[in-house]
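The structure appears below as structure tokens.
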Amino acid sequence: MYTDSEPLSVLTSADRLFRIDRLVRVRPVSETRIEIANFAPAELRDVTLLMSIDGGPTNVEVATIDVFAPHGITEIDYPFLQAPHEARTTSGQVVDMSAHRTGIDPATVTFDFTSPTGLAARLAALDGMNWELALHDYNPDNDPESSWALDPEPVHARLYTAIVINWATVVNDPGLRSAFIAEPIIDNDGTTLLTAQEKAALHDRMRGFGRTNLGVISQNVSGLGGGSVLGVHNYVLRAHMRDMPWSDGTYTHEFGHQLGFGHSSTMTYPRDDQGWTVVARRELIRLSDAGALPITQANYYQPGDYAE
Numbered sequence: 004m005y006t007d008s009e010p011l012s013v014l015t016s017a018d019r020l021f022r023i024d025r026l027v028r029v030r031p032v033s034e035t036r037i038e039i040a041n042f043a044p045a046e047l048r049d050v051t052l053l054m055s056i057d058g059g060p061t062n063v064e065v066a067t068i069d070v071f072a073p074h075g076i077t078e079i080d081y082p083f084l085q086a087p088h089e090a091r092t093t094s095g096q097v098v099d100m101s102a103h104r105t106g107i108d109p110a111t112v113t114f115d116f117t118s119p120t121g122l123a124a125r126l127a128a129l130d131g132m133n134w135e136l137a138l139h140d141y142n143p144d145n146d147p148e149s150s151w152a153l154d155p156e157p158v159h160a161r162l163y164t165a166i167v168i169n170w171a172t173v174v175n176d177p178g179l180r181s182a183f184i185a186e187p188i189i190d191n192d193g194t195t196l197l198t199a200q201e202k203a204a205l206h207d208r209m210r211g212f213g214r215t216n217l218g219v220i221s222q223n224v225s226g227l228g229g230g231s232v233l234g235v236h237n238y239v240l241r242a243h244m245r246d247m248p249w250s251d252g253t254y255t256h257e258f259g260h261q262l263g264f265g266h267s268s269t270m271t272y273p274r275d276d277q278g279w280t281v282v283a284r285r286e287l288i289r290l291s292d293a294g295a296l297p298i299t300q301a302n303y304y305q306p307g308d309y310a311e
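My numbering numbers the first residue of the sequence shown as 4 and each following residue consecutively.
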């Protein structure tokens, strides 16, 4: 996926929609075959695919992938279609799958993944984060005066997967939650401080935000955001990888707009070095220093993407 030859129509299609808690996306393509896609811009190892059947066994181990290429995509047949028609669950129980030896109704299955260690384990730990993301073209008429790029490119999609994975890791971290609740945050009226209870509820909204359409800015501003829209400039995407731990506050500023806050609130612009973007950057640096960010220059697979 996201090869330089991939057309815009594919880049922005439903086939490239992914969930941050299912970065290894598994979906049935027929009653006997599944598609597996790695939405991380880095190699994954020892990934076990899990399947649960409505009214049947749960957490069935479908297959283990020793090495999964960055942004790789492939298809496999269900292995239990062949004798002895058995599978194993994550608890070690052997399950008789002979009732499914001719296939499974795609509408009755859901998938997940797990891994014992390494990058794949860090991505699996994002389970419970409800972010659904896809690249979007906000300048379909190619207006040269627009702030939006004429045509988002595969490189933008690749870099976006890095920045959203890292920021999801920051938002999901318990330390971020504690630091955010302790941080003075001014509401939209420009004067009222949010209570600890309000900030806790706001952090819950961050983790469960839902759909975001990712756009690319080319001029005039460094970012635009609100509702399902989040766009940052090409240089922000590149700098996130090149200067890690990087944050000029653009991504988190626009995320503040998505959460319903304007420029009078310190959910967008800080005041007296306090606010959402300040605490977010501080926690990004903390996690980076601890080696806890999933995507780094060491494992990002196309370093030419973030060159000057």
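Glycine included, each C-beta is placed from N, C-alpha and C at the ideal position.
The model shown is predicted, which means the values in this text are computed figures rather than measured ones.
query, result
"Rounded straight-line distance, which links the Cα of Ala171 to that of Thr67", "25 angstroms"
"Straight-line Cα distance separating Arg180 from Tyr284", "The sequence shown places Arg at residue 284, rather than the Tyr named in the question. About 13 angstroms."
"Endpoints, the beta strand (DSSP E) within which Phe71 is located", "Val63 to Phe71"
"Nearest-angstrom beta carbon gap, Leu122 and Val167 [assumed within contact, 8 angstroms]", "No, Val167 and Leu122 are not in contact; Cβ-Cβ is about 15 angstroms, not under 8 angstroms."
"Those runs of the alpha helix (DSSP H) which lie wholly inside the stretch 96-176 and span at least 4 residues", "121-127 and 157-175"
"Short Cβ contact (9 angstroms threshold) for Pro60 with Thr15", "no"
"Reference Val63, options Phe71, Asp49 and Pro82, closest by Cα", "Pro82"
"Best match in Thr113, Gly234 and Gly106 for proximity to Leu162 [C-alpha to C-alpha]", "Gly234"
"Ser55 (DSSP reduced to helix, strand or coil)", "strand"
"Val173 classed as buried or exposed, judged by whether at least 16 other C-beta atoms fall within 10 angstroms", "buried"
"Where Val281 sits in the DSSP three-state scheme", "helix"
"Buried or exposed (CB count within 10 angstroms, at least 16 for buried), Leu324", "Residue 324 cannot be examined here, being either before or after the span of the chain that is shown, 4 to 311."
"Spatial distance of Pro10 from Val97 (CA atoms)", "44 angstroms"
"For Gln300 and Arg48, the rounded distance between their alpha carbons", "18 angstroms"
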